[in-house]
Amino acid sequence: MAERLDVTGAWQRISMRYAVVESIGSVIGWVIVGVGVTVPLWLLHDGDMPLWAWLPLIGAAVLAVVGVVWSFLRTRTIGYLQRDDDLLVRRGMLFRRFVAVPYGRMQIVDITQGPIERMFGLKSLKFVTAAASSAITIPGMPGSTAEELRDHLVAVSESRRAGL
């Protein structure tokens, strides 16, 4: 018999602006790939490019559109829930992942912000636990929310480690 996951309370979702950040990265990546494959073909054919030589650029454009749609769908699945003893983080469309991080096990709580995230006022909250291979990230958080959650997690984890 499968146990039911106790998730009382409201899930906090990340900002949908994060989907735009991910979309920009996806489009830039596919444009680089498409142009990187198409331009050499154009140079090889001396401006008289056959129709098939445009296929890499067309394929990259289609994949960029798929990447944008995927970014918006994936962003809707990322969230977190603060419970009494731990922080529960969820993500994933096809393969759902739920990670419960006990407050007493948190060692480092870090905020990062890339250049595109900075343009949209978003930050990523990353925390490392006592296990060597566990680093959990909650991306796409508004700046003030990320800082408040970081401060709360640090305070709670300190009190739990101290046994208060």
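When we follow full-length UniProt numbering, the leftmost residue of the sequence shown carries the number 1, and every step to the right adds one.
All residues carry an ideal CB built from backbone N, CA and C; glycine is no exception.
Buried or exposed for residue i, going by 16 or more other Cβ atoms inside 10 Å?
i: Glu158; result: exposed
i: Pro139; result: buried
i: Val39; result: exposed
i: Leu87; result: buried
i: Ile32; result: exposed
i: Gly34; result: buried
Which first and last residues belong to the alpha helix (DSSP H) in which residue i is found?
i: Ile24; result: Arg17 to Leu44
How is the beta strand (DSSP E) around residue i delimited, first residue to last?
i: Arg74; result: First-last for Arg74: Leu55 to Thr75, but that is the alpha helix (DSSP H), not the beta strand (DSSP E).
i: Met119; result: Run containing Met119: none in the beta strand (DSSP E); it sits in the alpha helix (DSSP H), Pro115 to Phe120.
i: Phe98; result: Arg97 to Pro102
i: Ala10; result: Careful: Ala10 lies outside any beta strand (DSSP E) and carries neither H nor E.
i: Leu106; result: Per the sequence shown, the amino acid found at residue 106 is Met instead of Leu. Per DSSP, Met106 belongs to the beta strand (DSSP E) from Met106 to Thr112.
i: Pro142; result: Ala135 to Pro142
i: Leu51; result: Looking at the DSSP string, Leu51 is not in any beta strand (DSSP E), and its letter there is neither H nor E.
i: Arg91; result: Asp86 to Arg91
Based on Cα-Cα distance, which residue from the options lies nearest to residue i?
i: Val156; options: Ser26, Gln12 and Asp84; result: Asp84
i: Ala61; options: Val109, Ile111, Leu73 and Trp30; result: Trp30
i: Arg74; options: Pro102, Met49 and Arg97; result: Arg97
i: Ile108; options: Leu153, Glu117 and Val65; result: Leu153
i: Thr129; options: Pro142, Gly121, Gly104 and Ile116; result: Gly104
i: Val21; options: Gly34, Ile116, Tyr80 and Arg91; result: Ile116
i: Gly36; options: Ala19, Val65, Arg118 and Leu57; result: Leu57
i: Gly25; options: Phe95, Leu63 and Met106; result: Leu63
i: Gly67; options: Ser23, Ile14 and Gln113; result: Ser23
i: Ser15; options: Gly59, Ser71 and Val27; result: Ser71
i: Met93; options: Gly114, Val69, Gln113 and Met106; result: Val69
i: Arg160; options: Met106, Met119, Gly114 and Arg118; result: Met106
Note down, in chain order, each residue of its chain lying with its Cβ closer than 8 Å to the Cβ of residue i, except the 5 sequence neighbours on either side.
i: Ile111; result: Lys123, Ser124, Leu125, Lys126, Ala146, Glu147 and Arg150
i: Trp11; result: Gly79, Tyr80, Leu81 and Arg90
i: Trp42; result: Met49 and Ala53
Suppose the cutoff is 6 Å on Cβ atoms and the five residues either side in sequence are ignored; what does the same chain contact list for residue i look like?
i: Val99; result: Val89 and Ile136
i: Arg91; result: Thr77, Ile78 and Arg97
i: Gly143; result: Gly121 and Lys123
i: Leu44; result: none
i: Arg13; result: Gly79
Taking 7 Å as the limit between beta carbons, can you name the residues of its chain near residue i, skipping five residues before and five after?
i: Pro102; result: Asp85 and Asp86
Does chain D have any CB closer than 9 Å to the CB of residue i?
i: Ser157; result: Note that chain D does not occur in the displayed structure, where there is just one protein chain.
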